[in-house]
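Just so you know, we're using the numbering used here here: the sequence shown kicks off at 260 and counts up by one. Yeah, the Cβ is synthetic: ideal placement off N, Cα and C, and Gly gets one too. Note that the structure is predicted; figures quoted are calculated from it, not measured.
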Amino acid sequence: MTYKIKTIVVARQVVDVVNLKSYCDSLAQQFDAISVSRKNLLGKISNYIRSKKSENKPINLVYICTHNSRRSHFGQIWAAAAANYYHVNDVHTFSGGTEATAFNINAINAIKRVGFDVKKIDDKINATYHIYFDDAEIPVECFSKVYNDFKNPNKEFVAIMTCSDAEKNCPFIRGADLRIGTTYNDPKEFDNTPLQDAKYDERCKQIALETLYVFSLIN
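#1: At the level of alpha carbons, what is the spacing between A287 and G302?
#2: Judging by CA-CA distance, which residue of Q289, Y344 and F290 is the nearest neighbour of D478?
#3: With distances taken between CB atoms, is the gap from V482 to I308 smaller than 8 Å?
#4: According to DSSP, C401 sits in a beta bridge with which residue or residues?
#5: Rounding to the nearest angstrom, what Cα-Cα distance links Y262 and C401 in this structure?
#6: Keeping to the same chain, check which residues put their C-beta closer than 8 Å to that of G356; ignore five residues upstream and five downstream.
#7: Pull up the CB-CB distance for S294 and V473, whole angstroms please, since I reckon it's below 8 Å.
#8: Where does F474 sit, in a helix, a strand or coil, going by DSSP?
#9: Please work out which residues of its chain come closer than 7 Å, Cβ to Cβ, to D233, disregarding the five sequence neighbours upstream and downstream, and give them in chain order.
#10: Is S354 buried or exposed, if buried means 16 or more other CB atoms sit within 10 Å of its CB?
#11: So E469 and T441 are in contact, right, with Cβ under 8 Å, and what is the actual spacing, rounded?
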């Protein structure tokens, strides 16, 4: 008896590499917009990355906010893209929250607008998405989860707190080598208002700018 193997191919758009690179190129010229105090804070993440590189160890970055729906996903995605942009190898990015909800559609649309290709993998309420920033790279997997989910590292990582609630309510992150509070205003405040898309784009850009700055200091 002969069996035929059926292969199902899920089509996806090619990443808008030109637009995404141009976006990063532009932001890389705007680091002067970051305050000195903020640069000093972000530099601690750069120092951590350099220390892991010097030890030839994987670099694990976990971005944490309350619901793991907006800012922490921006951090996870942009850290992977920034590492690729500055050719920093062996960087693994994750995100989590103090509770699980879902990756917010407005945040998803914001990353699409700058050139990322987003593929929804399942139809769950808390769906999983693959975020592509380079056709030659493995996509970033995004879904909402608690920060100590089994898919996230439980040791040797830096915990980057992206919202004030998580910063206040998680004073200790078990297993983290380093915990840093780089909090951002929540674009959720503008949901269903005329400013919605502009505010999501603003927060996406701010996190992109600061994450690119972090990786610009490595090599």
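So, from the data block:
#1: 16 Å
#2: As written in the sequence, residue 478 is Asn, which differs from the Asp given in the question. Closest option to N478, Cα to Cα, is Y344.
#3: Residue 482 lies beyond the stretch modelled for the chain, which goes from 260 to 478, so this question has no answer here.
#4: Y388
#5: In this prediction, Y262 scores a pLDDT of 29, lower than 50, which makes its location untrustworthy; the coordinate-derived value is nonetheless stated afterwards. Spanning the two alpha carbons is a distance of roughly 36 Å.
#6: I323, C324, T325, H326, N327, S328, S331, S403, K404, V405, Y406 and A425
#7: The Cβ separation is near 15 Å, so there is no contact.
#8: helix
#9: Lying outside 260 to 478, the shown extent of the chain, residue 233 is not represented and no answer is given.
#10: buried
#11: 7 Å
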